[in-house]
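Q: This structure is in structure tokens; I'll ask about it shortly.
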Amino acid sequence: MKAFERFVGRVAPLNRANVDTDQIIPKQFLKSIRRTGFGDNLFDGWRYLDEGDPSKTPNERRINPDFVLNSPRYQGASILLAQDNFGCGSSREHAVWALEEYGFRVVLAPSYADIFFSNCFKNGVLPIVLDKETINKMFRLAESEKGLELTVDLAAQRLTLPSGEQVAFDVDSFRKHCLLEGLDDIGVTLKDADAISEFEARHRARSPWLFDTMR
Amino acid sequence: MAGRTLYDKLWDAHLVKQRDDGTALIYIDRHLLHEVTSPQAFEGLRLAGRRPWRVDANIATPDHNVPTQKRSEGIAGITDPISRIQVQTLDDNCEAFGILEFPILDARQGIVHVVGPEQGATLPGMTVVCGDSHTSTHGALAALAHGIGTSEVEHVLASQCLIQRKAKNMRIMTRGRLPEGVTAKDLALAIIGRIGTAGGTGYTLEFAGEAVQALSLEGRMTLCNMSIEAGARAGMVAFDDTTADYVRGRPYAPRGEMFERAEAQWRDLVSDADAIFDAEVVIDASTLEPQVSWGTSPEMVAGISGHVPELSAATRPGQREGWEAALRYMGLEPGMAISDIGVDRVFIGSCTNSRIEDLRAAAAVVRGRRVANSVLQAMVVPGSGPVKRQAEEEGLHEIFLAAGFEWRDPGCSMCLAMNADRLGPGEHCASTSNRNFEGRQGHGGRTHLVSPAMAAAAAVAGHFTDVREMVGSGTGGAA
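Chains E and W supply the protein sequences, listed in that same order. Per our numbering, the very first residue in the first sequence carries number 281; after that it's consecutive. Per our numbering, the very first residue in the second sequence carries number 49; after that it's consecutive.
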């Protein structure tokens, strides 16, 4: 995973609550056995007017001009501004792969679904929770003629608006560490291999029926 | 010290290490795999030169992509080449790593959440994970079960552990029993309608009270299955005689003296009387009626005697806009009667409602009746090979076929339409599945979530109708 560095990015506003992962990446694109190739089909059902199919290239598709990400002013956006319960539904990590490949490195929302939230950190995408008032203010700015650019500083846990105003945010210290260092958390866990083995031995002694059955 | 909840006990029993930063290393007893969310995890394992930590903790079966017709051809019968590669890749990975798999032609193949409990591969007291959000189903066995992403699939394969933060405890306490003809599915939908799709976010749910205790184990699975639709990763029901009776004799469950020993331990899988829950929701089960979802989120639900809401009834911020968008997509008007919504297709299946009791409940409604002429297609997709064979032994397939239903082979099918089974644009479907999201069952398709008995009634009537009026009492089943 790439280390997460301070950056300045444009904000794209998606003003809709309960956006589910079926909308972020529809099921017909989950058949791939690879981790890449999902960016063109991010929000497929909203982004295009025709039905999406893995065999179609983006050039063959009919763009929905009314969808916010298709607006010229939000091209190149790397921060997605969203509403409550973003990423609900299916656990598909493909949703985060699609967001990341499209170019989003940060999501801002008042709340997230748990599995999506956790999947983001595994892929170098930072989901930030902000209070409703701040989110609504960001929507006003992002939807205004000038749009909104933010400086994202994970180390300092701070967003900076063009006005110089700063917004602090919380982040789990372990996840922050992994993002900043670009760490593979399996490697971190396996440093505790001895503790896992010791637990496993005790667990087996206590509940032997849990072991050696699925063969 | 206050007592512990069932979730607290399961958490404590699997805690490998509590870290200073508030995260914990939790041991995973059972890992279920299917073809859609595992290939990238196996690839990651290979790239890092890692091996599975404990091969015998894993079990796999293909379900999302498998065709529900012409199954004798096996993988070669999958017409979509991309789906075929994905199913083949699961076979290849399981073989390479020595993981037990029930492949497409195995008699035990089925939807992973039907197969696990049915085979005794998921047991009380276990931690169970799978790269699928409906893993919460297994909580019905008094297990801690939840969905994970593909990176976590790789993490569990490599280390048999997950890095987690403990969730809060919420109890859904039912009062009274469900009326005849009102099922676990209706209870699940009513709960989601009440607390909303984010109501359980950050919590583990425990379903309790008279109505839940009275449910069969299969009914409890239906209930726990939809925890994620209320935002909770995991839902669970305490261990009791119903659980013990269900587990006893399953192929991979402990036997004889080992079962006795296990059962003695499982008896403690209940919340202590003085356990403290961070939140509690009380539901009067005795007044519920069959539920039908009208919108594009499982919280958009009404009783069968009810109506699509007027927009003025929206109370939460953003709710009115959400309802407007949903009604536009669904092609419905505010205030219209639920029973006036016509049905183009009917789908009985999915990890929510494809077990034998579900099929019995639907067959009881269909018996001696015909699918309405206005309905284009009605299909029954059993949850697993054993469910299908059991239903055929009971003659249920003949009832369905005589009524004009299609009788298919096991898989996820039209719940998410990754295989060839799907809705056309604008079509309304009475579906026993779990999600009515836009496009979930096919581009432009319109899903209404219902119980198996209600789906069967809609197939016969051609529109939603109260199944209790159609057949009187005794049709609800335990589903």
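Virtual Cβ for every residue (Gly too), placed ideally from N, Cα, C. Note that the structure is a prediction, hence the values are computed from the model and not measured.
For chain W, find out if any of its Cβ atoms is closer than 8 Å to the Cβ of residue 351(E); answer yes or no.
A: Here residue 351(E) refers to the residue found at position 71 when the first sequence is read from its first residue. No - not a single Cβ of chain W is within 8 Å of the one on residue 351(E).
Q: Output needed for residue 209(W): all residues of its chain with C-beta closer than 7 Å, excluding positions within five of it in sequence on either side, in chain order.
A: One-based indexing of the second sequence puts residue 209(W) at position 161. Contacts found: 64, 73, 74, 75, 76.
Q: Could you confirm whether any beta carbon from chain E is found closer than 8 Å to the beta carbon of residue 281(W)?
A: On the second sequence, residue 281(W) is found 233 positions in, with the first residue counted as 1. Yes, residue 281(W) counts as interfacial toward chain E.
Q: Hey, is the segment 277 to 290 of chain W in contact with the segment 190 to 207 of chain W, meaning 3+ C-beta pairs nearer than 8 Å?
A: Flag = yes, the segment 277 to 290 of chain W and the segment 190 to 207 of chain W touch.
Q: Let me see if you follow: with CB-CB separation under 8 Å, is residue 161(W) close to chain E or not?
A: If you number the second sequence from 1, residue 161(W) lands on position 113. Not an interface residue.
Q: Could you list the residues in the segment 266 to 294 of chain W with a C-beta less than 9 Å from some C-beta on chain E, going in chain order?
A: Here the close residues are 276, 277, 279, 280, 281.
Q: Would DSSP call residue 62(W) helix, strand or coil?
A: Sequence index remark: in the second sequence, residue 62(W) carries index 14 (1-based). Coil.
Q: Report the rounded CA-to-CA distance for residue 12(W) versus residue 471(W), giving the unit in angstroms.
A: There is simply no residue 12(W) to check, as chain W begins at 49 and stops at 527 in what is shown.
Q: If you measure from the beta carbon of residue 377(W) to each beta carbon in chain E, is any gap under 8 Å?
A: To locate residue 377(W), count along the second sequence from 1; it is residue 329. No - not a single Cβ of chain E is within 8 Å of the one on residue 377(W).
Q: Using C-beta distances below 7 Å, list every residue in its chain close to residue 523(W), excluding the 5 sequence neighbours before and after it, in chain order.
A: Mapped onto the second sequence, residue 523(W) falls at position 475. For residue 523(W), the predicted model reports a pLDDT of 43, less than 50, meaning its position is unreliable; a value from the coordinates is still stated below. Only 229, 409, 412, 413, 501, 515 meet the Cβ criterion.
Q: For chain W, is any of its Cβ atoms less than 8 Å away from the one on residue 300(E)?
A: What you label residue 300(E) is simply residue 20 of the first sequence in a count that begins at 1. With 8 Å as the cut-off, residue 300(E) counts as an interface residue toward chain W.
Q: Write down the C-beta distance between residue 481(W) and residue 469(W) rounded to the nearest angstrom, noting that I regard them as a contact closer than 8 Å.
A: The residue you call residue 481(W) lines up with position 433 of the second sequence. The residue you call residue 469(W) lines up with position 421 of the second sequence. Going by Cβ atoms, the distance from residue 481(W) to residue 469(W) rounds to 11 Å, so no, they are not a contact pair.
Q: Can residue 305(E) be considered in contact with the ligand MN, in the sense that its beta carbon sits closer than 7 Å to one or more heavy atoms?
A: Because no ligand of any kind appears in the structure shown, any question about the ligand MN cannot be addressed here.
Q: Quick check on the DSSP output: what are the complete alpha helix (DSSP H) runs of length 4 or more inside the segment 355 to 384 of chain E, in order along the chain?
A: Here the runs fully enclosed are 374 to 382.
Q: Relative to the C-alpha of residue 467(W), which residue among 429(W), 474(W), 173(W), 199(W) is closest?
A: Working through the second sequence from its first residue, we reach residue 467(W) at position 419. The candidate whose alpha carbon is nearest that of residue 467(W) is 429(W).
Q: Using the Cβ count rule (16 or more neighbours within 10 Å means buried), how would you classify residue 436(W)?
A: On the second sequence, residue 436(W) is found 388 positions in, with the first residue counted as 1. Under this definition residue 436(W) is a buried residue.
Q: Here's the rule I'm using: 16 or more other beta-carbon atoms within 10 Å means buried, otherwise exposed. How should residue 153(W) be labelled?
A: As a working mapping, residue 153(W) is identified with position 105 in the second sequence. Exposed, by the Cβ-count rule.
Q: Taking the alpha-carbon positions, what's the residue 57(W) to residue 317(W) distance?
A: Locating residue 57(W) in the second sequence gives position 9, where the first residue counts as 1. Locating residue 317(W) in the second sequence gives position 269, where the first residue counts as 1. Cα to Cα, the separation comes out at about 7 Å.
Q: Below 7 Å CB to CB, which residues in the same chain sit around residue 378(E) once its five sequence neighbours on both sides are set aside?
A: Counting from one through the first sequence, the residue named residue 378(E) turns up at place 98. Hits under 7 Å: 304, 305, 318, 319, 321, 322.
Q: Tell me whether residue 51(W) is buried or exposed, calling it buried when 16 or more other Cβ atoms sit within 10 Å of its Cβ.
A: In the second sequence, the residue the question calls residue 51(W) occupies position 3. Answer is exposed; the Cβ neighbour count stays below 16.
Q: By the criterion of Cβ-Cβ separation under 8 Å, what are the contact partners of residue 148(W) in chain E?
A: Taking the second sequence and counting its residues from 1, one reaches residue 148(W) at position 100. Chain E residues near residue 148(W): 494, 495.
Q: When we look at the beta-carbon of residue 343(W) and count the other beta-carbons within 10 Å, is it buried (16 or more) or exposed?
A: Position 295 of the second sequence, counting from 1, holds the residue named residue 343(W). Buried, by the Cβ-count rule.
Q: Quick check for students: name the residue ranges of the beta strand (DSSP E) that lie wholly in the segment 121 to 208 of chain W, counting only runs of 3 or more.
A: List check, beta strand (DSSP E) in window: 175 to 178, 192 to 195.
Q: Starting from residue 288(E) and walking both ways along the beta strand (DSSP E), at which residues does that stretch end?
A: Taking the first sequence and counting its residues from 1, the one referred to as residue 288(E) is at position 8. Element bounds for residue 288(E): 287 to 293.
Q: Consult DSSP for residue 272(W) and reduce its assignment to one of helix, strand or coil.
A: The residue given as residue 272(W) occupies position 224 in the second sequence. Helix, per DSSP.
Q: Under 8 Å Cβ-Cβ, which residues of chain W neighbour residue 365(E)?
A: Here residue 365(E) refers to the residue found at position 85 when the first sequence is read from its first residue. What residue 365(E) touches in chain W: 245, 246, 249, 279.
Q: To the nearest angstrom, how far is the alpha carbon of residue 422(E) from that of residue 293(E)?
A: As a first step, residue 422(E) must be located in the first sequence, where it is residue number 142. As a first step, residue 293(E) must be located in the first sequence, where it is residue number 13. Their Cα atoms are separated by approximately 6 Å.
Q: Using the three-state DSSP reduction, which class does residue 473(E) fall into: helix, strand or coil?
A: As a working mapping, residue 473(E) is identified with position 193 in the first sequence. Three-state result, residue 473(E): helix.
Q: Can you tell me whether residue 66(W) is buried or exposed? The criterion is at least 16 other CB atoms within 10 Å of its CB, across all chains shown.
A: Working through the second sequence from its first residue, we reach residue 66(W) at position 18. Its Cβ having fewer than 16 others within 10 Å, residue 66(W) is exposed.
Q: Cα-Cα, which of 335(E), 476(E), 438(E) is closest to residue 130(W)?
A: On the second sequence, position 82 is the one that residue 130(W) refers to. For residue 130(W), the nearest C-alpha among the options comes from 335(E).
Q: Going by Cα to Cα distance, which pick from 284(E), 410(E), 301(E), 367(E) is closest to residue 464(W)?
A: Mapped onto the second sequence, residue 464(W) falls at position 416. Ranking 284(E), 410(E), 301(E), 367(E) by Cα distance to residue 464(W) puts 301(E) first.
Q: Residue 334(E) touches chain W at which residues, Cβ-Cβ below 8 Å?
A: Here residue 334(E) corresponds to residue number 54 of the first sequence, with the count starting at 1. Going along chain W in sequence order, the residues near residue 334(E) (Cβ under 8 Å) are 130.
Q: Please confirm whether residue 82(W) has its beta-carbon closer than 8 Å to some beta-carbon of chain E.
A: If you number the second sequence from 1, residue 82(W) lands on position 34. Chain E contact via Cβ: absent.
Q: So if I threshold CB-CB distances at 7 Å, which residues from the segment 350 to 384 of chain W count as touching chain E?
A: Within the segment 350 to 384 of chain W, the residues whose Cβ lies closer than 7 Å to some Cβ of chain E are 366, 370, listed in chain order.
Q: From residue 389(E) to residue 235(W), what does the alpha carbon distance come to, in whole angstroms?
A: Within the first sequence, numbered from 1, the residue matching residue 389(E) stands at position 109. Within the second sequence, numbered from 1, the residue matching residue 235(W) stands at position 187. Each residue's alpha carbon lies about 31 Å from the other.
Q: Does any C-beta atom of chain E lie closer than 8 Å to the C-beta of residue 140(W)?
A: Taking the second sequence and counting its residues from 1, the one referred to as residue 140(W) is at position 92. Answer no: the Cβ-Cβ gap between residue 140(W) and chain E never drops below 8 Å.
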